[in-house]
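Read in order, the letters of the sequence shown are residues 3 to 355 in the working numbering. A quick write-up on the structure given underneath.
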Amino acid sequence: MLFSPQSLGALRLANRVIMAPMTRDRAGLGDMPTDLMVEYYRQRAGAGLIVTEGVQPCPEGKGYWRTPGIHSPGQVEGWRRVAEAVHGAGGLIAMQLMHCGRVVVPANRGFTAEVVAPSAIRCPAQVPGPDGAPADCAEPRALAAEELPAVAEQFAQAARNARAAGIDAVELHCASGYLINQFLNPASNQRTDAYGGSAENRARFPAMVVRALAQAVGADRVGIRISPGNPYNAMDPADPAATFGPFLDALGDLPLAWVHVVDMSLPDLDTLAFVRAHWAGPVIANNMLKADSAEALLQAGRAEAVSFGRAFIANPDLVARMQAGAPLAKPDFSLLYTGEARGYTDYPALDAA
Ligand SMILES: Cc1cc2nc3c(=O)[nH]c(=O)nc-3n(C[C@H](O)[C@H](O)[C@H](O)COP(=O)(O)O)c2cc1C
């Protein structure tokens, strides 16, 4: 089934092997996509769908070094070249919208902007600074309830910009301890208003953003990504079902294109079955999959598609390799975030290797 077509919302995928979002720190001046990025994504267009690296919807959303944005005209032009290259090679491309919230090392930005979050609680985790060494995150300002519709509108405008650039869909990053996850999780959301406290309240702003995206570009071009129980960036991993159930329930009436699930193999929760119980639409499964385990998931009806992250780094033609049963090349993880072509666009396809 891996190599059979599948619809996700408005998108008709040629196969079910999706490239998972991966931050690679190769954006250029003004956080604009570069020629190198155009080439990198073009090389990987054999995926049924590419989900881009996390892209900041607004200046406040940037937390890491050299990550691209989708809020300026130059960024839109850069992404247009990426989308054209992927389409020209027969692929589809969705943009992951990633607002870092409190996970911000200000020196990574190259400009001044506020650091905002659900509550004024500094992220205790460190993230790489401009030199790659771990650095402290900034103290965030708690967003006022009255500001939240405007933040949702920043996401909506980013989605319109992505579509204007020719990007096929957007995926809202609701995982890994970034802004949306920060609202969902009690460790980072200690609000006492309608956006904090109960799981239903904590899901209110995330659901507002999803609705704003659906209204902006159509629900059938919007996906979300969740990772229940993932402690990354100081999220409290306790009782993820209690948090993510109400969030998925709040989206039940929206015909979203997909829910992308990073399955943490939790001891107490069958995450894919849990998502199925709360979400009737297409599911993309991710994490630690191989061709055979991915095929088994699809055969068992546990997901409609699967995504691979690390396997796509050194195997631009991953789908062809899997189809041929060919061995996979291993990536050099020391080159993940260098900003260079080396370790990024210089992994050859099998027929060239
Ligand atoms: C270099 C790198 C960067 C990543 N960046 C992102 C990101 O921007 N957004 C996201 O949702 N996940 C990100 N991830 C997680 C991957 O999408 C994926 O969930 C993870 O690699 C597990 O899948 P795999 O076992 O197939 O590699 C990243 C992973 C890697 C290795």
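Glycine included, each C-beta is placed from N, C-alpha and C at the ideal position.
Proximity to residue i [Cα-Cα], best of the options
i, options, result
"Tyr180", "Lys64, Leu10 and Leu51", "Lys64"
"Ile182", "Pro329, Gly131, Asn203 and Glu86", "Asn203"
"Leu253", "Cys102, Ala296 and Arg227", "Arg227"
"Asn110", "Pro130, Pro208, Asn288 and Ala307", "Pro130"
"Met24", "Gly48, Gln77 and Met97", "Met97"
"Gly283", "Leu31, Arg223, Asp270 and Tyr234", "Arg223"
"Leu186", "Ala22, Leu215, Ala244 and Val53", "Ala244"
"Gly76", "Leu31, Leu99 and Tyr234", "Leu31"
"Asn191", "Leu250, Ile123 and Leu150", "Ile123"
"Pro318", "Asp334, Ala351, Cys60 and Pro333", "Ala351"
"Ser9", "Ala305, Lys332, Phe310 and Glu342", "Ala305"
"Ala16", "Gly199, Gly48 and Ala29", "Gly48"
"Glu141", "Val118, Tyr349 and Val53", "Val118"
"Gly11", "Leu320, Gly225 and Tyr234", "Gly225"
"Leu215", "Asp251, Ser229, Ser267 and Leu256", "Leu256"
"Ser328", "Ser200, Ala152, Ala127 and Ala293", "The residue you asked about is not Ser; residue 328 is Ala in the sequence shown. Of the candidates Ser200, Ala152, Ala127 and Ala293, the one whose C-alpha sits nearest the C-alpha of Ala328 is Ala293."
"Asp241", "Asn235, Pro230, Ala147 and Leu250", "Pro230"
"Ala147", "Gln184, Arg206, Ala137 and Gln156", "Arg206"
Residue i beta carbon near ligand 1 (any heavy atom closer than 7 Å)
i, result
"Thr25", "yes"
"Cys264", "Checking the displayed sequence, the identity of residue 264 turns out to be Val instead of Cys. Val264 Cβ: within cutoff of ligand 1."
"Met237", "no"
"Gln217", "no"
"Ser178", "yes"
"Ala22", "yes"
"Glu297", "no"
"Glu86", "no"
"Leu1", "No answer is possible for residue 1: it lies beyond the span of the chain, which begins at 3 and ends at 355."
"Arg111", "no"
"Gly327", "no"
"Leu320", "no"
"Leu31", "no"
"Phe157", "no"
"Asn288", "yes"
"Arg362", "What is shown of the chain runs 3 to 355, which leaves residue 362 out entirely."
"Leu352", "no"
"Leu174", "no"
"Arg312", "yes"
"Leu271", "no"
"Glu342", "no"
"Glu55", "yes"
"Gln77", "no"
"Leu99", "no"
"Leu51", "no"
"Leu338", "yes"
"Leu291", "yes"
Residue i, enclosing alpha helix (DSSP H) - first and last residue
i, result
"Gln325", "Leu320 to Ala326"
"Leu274", "Thr273 to His280"
"Met237", "Premise fails: Met237 is in no alpha helix (DSSP H) and is neither H nor E."
"Glu41", "Asp37 to Gln45"
"Phe335", "Element bounds for Phe335: n/a, residue is neither H nor E."
"Phe314", "Arg312 to Ala316"
N- and C-terminal bounds of the beta strand (DSSP E) containing residue i
i, result
"Glu62", "Segment: none, Glu62 is in no beta strand (DSSP E) and carries neither H nor E."
"His73", "From DSSP, His73 is part of no beta strand (DSSP E); its letter is neither H nor E."
"Glu173", "Ala171 to His175"
"Ala305", "Run containing Ala305: none; DSSP gives neither H nor E here."
"Ala287", "Val285 to Asn288"
"Leu13", "Leu13 to Leu15"
"Ser295", "Element bounds for Ser295: not the beta strand (DSSP E) but the alpha helix (DSSP H), Ala293 to Gln301."
"Leu10", "Gln8 to Leu10"
"Met21", "Val19 to Met21"
Spatial neighbours of residue i in its chain, beta-carbon cut-off 6 Å, leaving aside the 5 residues before and after
i, result
"Leu94", "Leu13, Leu51 and Asp170"
"Gly247", "His280"
"Asp334", "Gly345"
"Gly311", "Ala22 and Met24"
"Arg26", "Glu55"
Spatial neighbours of residue i in its chain, beta-carbon cut-off 7 Å, leaving aside the 5 residues before and after
i, result
"Glu116", "Glu62 and Arg143"
"Val219", "Ala161, Arg162, Arg165 and Val172"
"Val40", "Arg83, Val84 and Ala87"
"Gln361", "Nothing about residue 361 can be read from this structure; the chain reaches only from 3 to 355."
"Pro59", "Ile72, His73, Leu99, His101, Gln156, Phe157 and Ala160"
Same chain, Cβ closer than 8 Å to residue i, neighbours up to 5 away in sequence not counted
i, result
"Val308", "Leu4, Arg18, Val19, Ile20, Ile286, Ala287, Asn288, Leu291, Ala296, Leu299 and Leu300"
"Lys332", "Ala316"
"Asp238", "Asn187, Pro188 and Ala189"
"Phe314", "Met21, Ala22, Met24, Arg46, Ala49 and Leu320"
"Tyr197", "Pro120, Ala147, Leu150, Phe185, Asn191, Asn203, Arg204, Arg206 and Phe207"
If you scan the segment 99-164 from start to end, which runs of the alpha helix (DSSP H) of 4 or more residues do you find wholly inside it? none
Where are the alpha helix (DSSP H) runs, 4 residues long or more, that stay fully inside the segment 180-230, in chain order? 181-186, 201-204 and 206-219
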